[in-house]
Structure formats: C-alpha cells, structure tokens
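Data block below; observations after.
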Amino acid sequence: MIELISIGDELLHGATLNTNAQFIARELYSAGFEVQRITTLPDSRQALQAGLNEALRRSKVVITTGGLGPTLDDETKNIVSQMLGSELHFDQKYFDHLCQIFGETRSTFRSQSTVPEKAKLLYNRLGTAPGLVFADQGLILLPGVPSELKGLWPEAFEFIKKRLKDAPKVLHKRMTLALLREQNVDPVLRMLKEQFPELGFGIYPAYGYLGVRISGSDSNKIDAAFEKISAQFSEHVMAHQSSSPEETLHELLIKKNQTLAVAESCTGGLIASKITSLQSASEYFLGGVVSYSNLAKSSLLGVSGKTLKSHGAVSSEVAKEMLAGVFEKFQSNWGIAVTGIAGPTGGTDDKPIGTVWIAMGKKDKEPIVGLVPSVRSGWARQTIINACANFALAGLWHLIQHNTSPFEAYND
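Printed below as a string of structure tokens:
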C-alpha cells in the first residue's frame, strides 16, 4: 500500500492547490502503482505524530510533502527524527552543496543541513531542503515546493520501485473521445464491466471531450475491452492515450502541414493560449485576433456594421464574417471564430447567457457554423469560456479528421 501525506495549513485553508499529490499519484499510476490513501495534515506537532504513526503502521510506502523548510511551522523533520529514534546531526557535505549551488552562505543553510542520521539524503538543486529517505520504514520526506519535489522525484521513485519490487502492478490503457458526454459512454462501459468483471473502468469528463481508463492485471483482456470501445466510438476517438483537444489538433495540423488562425470574442484569447502552450505550435499557428468589442470586430476583421446592427454581435452571421476576416488577415488553411455571451450579465430572453456561436472551416470553403451545444446559463463565466474553447478545438479536429460537422456529431 502506498500512502501520501500532504502537510501544511495553507492546503487545509484553501490558500494553495495540492498539485504535489496529483503529480505523485499520476507518476506512480503511470508506472503501475496505485496510491491507496491521500491525507492532508496541518502544521501541528500532535496531528503530524498521530498521522505519521498511523500511516507507517498500515502502508508499505509513505510519502510526505511539505514541512521541511527552515521556518517555525516546519516540524516534519524533527518529529520524524524523534519518532524513529534517529538523532539529528550536521551534514557538512550537504552544507557545502548548498553553498556551492547558491554561491553564498545563508543563515538557513545550517538548519537545513541538520538531518536525521539514519536518513539517506536526496540533494536538492533547486532549493535548500533535502529529501529524506528512511529505507527500513519505507518513509520518504519531500519538500513542498512543487519544482523542488519534481527535481527530487526520479531519485525518490527509484527507492519506491525497489521497495515494491514484489508488489503486483496495475496495467492500464487510456483513450480520449471527442464530442461525447459521460452518459453516452457509461452504458458501453457497464456492458463491458459485465463481460470483463475483473477490469476497472473509469470516465474522466470534460466539456467537449472525455477520457476513458481501463485497468487490471490481464493485458489481453484490457486490449480486448479497449478495442471494443474504439470500435463503438470510432469517429470520436481523438487519441489512444490521455490527451486534450489542443494536443490532438496540434499533432494533426503538424502531420498535415497545414495552418490555423483564430478570431475570438467571448473566449478572450483562451483558444490561442491553449494552442501556444504547446511546443512547436509555431509550425502551424499563424496568429489570432481578440475582437472583444464591435469596433474591434469591424476594424480588425472587417465585420460589417450592418450585420452587427441587424443581427447583433452574438449571431451566426457575425461569426461567419469574423471567420472570413481572420482568413483574409492570416491566409491560414483553417480558421475558428467565436462570439457569445459568457455572463454573468448580458443575457436576454432571445440570447441567454451561454449562447455562443462558433464558425470554423477551411479557407475558400463554406464554413461550418453552429451554437455550442448544451452550455447552461447557470454555469460560471470561466466554465462557459473554457467549455467553448474546448468545443472549438475538439470540433475543428473532428472536422479536419472526418470532414463532418462537429455540431451534428456532438452527442448530448
């Protein structure tokens, strides 16, 4: 059994998102190890002692994050030292290491170099707190700063693999399906669960796409179930792995050596941001226009004032003219244009919050235009914006891959 303990008042107060637990659990799962328990504890000596004692009694490997710094509330090292009967001692080599990487001597270096004598040190090259491994107890203490933890992870992971060398591994496969919702896929997974009761099935929904996971110990049965899902949803399979719409579209456009430009209103540049977050996006992404106001739509994209007056900024007609404008400006092979009402104000009876038009298509071809389906007016503004960006990216992938309208392919 593997157990994670995240330490820090800031986690329990909601001031900091616990990305460390997500990272570690994901890394372990991808290697075939499942985390059985994740606990968050405050910066309290009593709570830490009780939590660590319980964890060490029930788990083969216990990983803690946080509480290793030089400040008053960082007690993890001292508590573990007392619990395990491992006296603290000054480690000159680690002290010299800190002086070398920082190019100076700081007042905190001595306390950070004072460590339990029974611990193996993991040398931190991005911060001052070392990782600490207690091999006999299966206990690993890692710093709470995410970049520092990730820097120490490869060495910590080697210890975990040795500790769990005889443990059975979990095999798994993932796929990503576009333009489907959870209720479309769930009946198929229930049917497969009856055929393969020893396998585990999971759905990870996101607007515009979702992930499917199959896990178990029999690779042949996993492959058989995987193929059945692929066959059932053949036109929706975006990737035979965990992926996002922007990642899959990215790979497709690079493979086809074709280009893309976008015009955004209510999404405010999020589509362009998702695209450019990926390395090598410059191979196909020519640029984007955030035409938030009517003036910007007219001056930057050539949207007709008559169209804006007759149909309003949130309309299929304006979306089409925005798309034509972005093609004119960038001369890209493919384009996306989005205009809508993300809320929480601005909706009307005719155009409620969540009304978002998307036009997409290939240059010099008739554009595909439609309303983003199933957006709820009660959703938070950022949820609507992100949903529309996801649908635009997944939709364009579907249009390029299958030459059919994503609005028709979407299953509500």
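Per my numbering: the sequence shown = residues 116 to 527. Backbone N, C-alpha and C fix where the C-beta goes; we use that ideal spot for every residue, glycine too. Since the structure is predicted, the reported quantities are computational estimates derived from the model, not experimental observations.
On the CB-based measure, 16 or more other CB atoms within 10 Å of its CB, does A130 come out buried or exposed?
Exposed, by the Cβ-count rule.
Below 8 Å on the Cβ atoms is my guess for M475 versus L511; work out the distance and round it to an integer in Å.
Rounded, the Cβ-Cβ distance is 5 Å, consistent with contact.
Could you pull the start and end residues of the beta strand (DSSP E) that K288 belongs to?
That run of the beta strand (DSSP E) goes 286-293.
With DSSP collapsed to three states, give me the class of W494.
The answer is coil: DSSP assigns W494 none of H, G, I, E or B.
Just curious, the beta strand (DSSP E) that Q356 is in, first and last residue?
Looking at the DSSP string, Q356 is not in any beta strand (DSSP E), and its letter there is neither H nor E.
On a CA-only basis, which of E432, G440, S425 is nearest V405? Give me that one, please.
Among E432, G440, S425, the Cα nearest to that of V405 belongs to G440.
Taking only runs that begin and end inside the segment 400-487, name each unbroken alpha helix (DSSP H) of 4 or more residues, in chain order.
If we require 4 residues or more, the alpha helix (DSSP H) runs fully inside the segment 400-487 come out as 409-416, 420-426, 431-445.
What would DSSP say about G315, mapped onto helix, strand or coil?
In this structure, G315 counts as strand in the three-state DSSP scheme.
Taking the straight line between their C-alpha atoms, what separation do you get for Y209 and L267?
If I take the Cα positions, the gap works out to 15 Å.
With which residues is L149 paired in a DSSP beta bridge?
According to the sequence displayed, residue 149 carries Glu and not Leu. Paired residue(s): none; E149 is not in a bridge.
In the DSSP output, which residue or residues are listed as bridge partners for L203?
Paired residues: P231.
What residue from G493, S159, R152, E313 has the CA that sits closest to V177's CA?
Cα-wise, what sits closest to V177 is R152.
Can you give me the Cβ contacts of T391 inside the same chain, cut-off strictly under 7 Å, excluding the 5 residues immediately before and after it?
So the qualifying residues of the chain are F400.
Between the C-alpha atoms of G450 and E366, what's the straight-line distance to the nearest angstrom?
Straight-line Cα distance between these residues: approximately 16 Å.
What does DSSP give as the partner residues of A323 in its beta bridges?
As written in the sequence, residue 323 is Gly, which differs from the Ala given in the question. None; G323 has no bridge partner.
Based on the DSSP output, what are the partners of F210 in its beta bridges?
DSSP lists no partner for F210.
What does a CB cutoff of less than 8 Å around I500 pick up in its chain, not counting 5 residues either side in sequence?
Closer than 8 Å at the Cβ level, and outside the excluded window around I500, lie C381, T382, G383, L385, A457.
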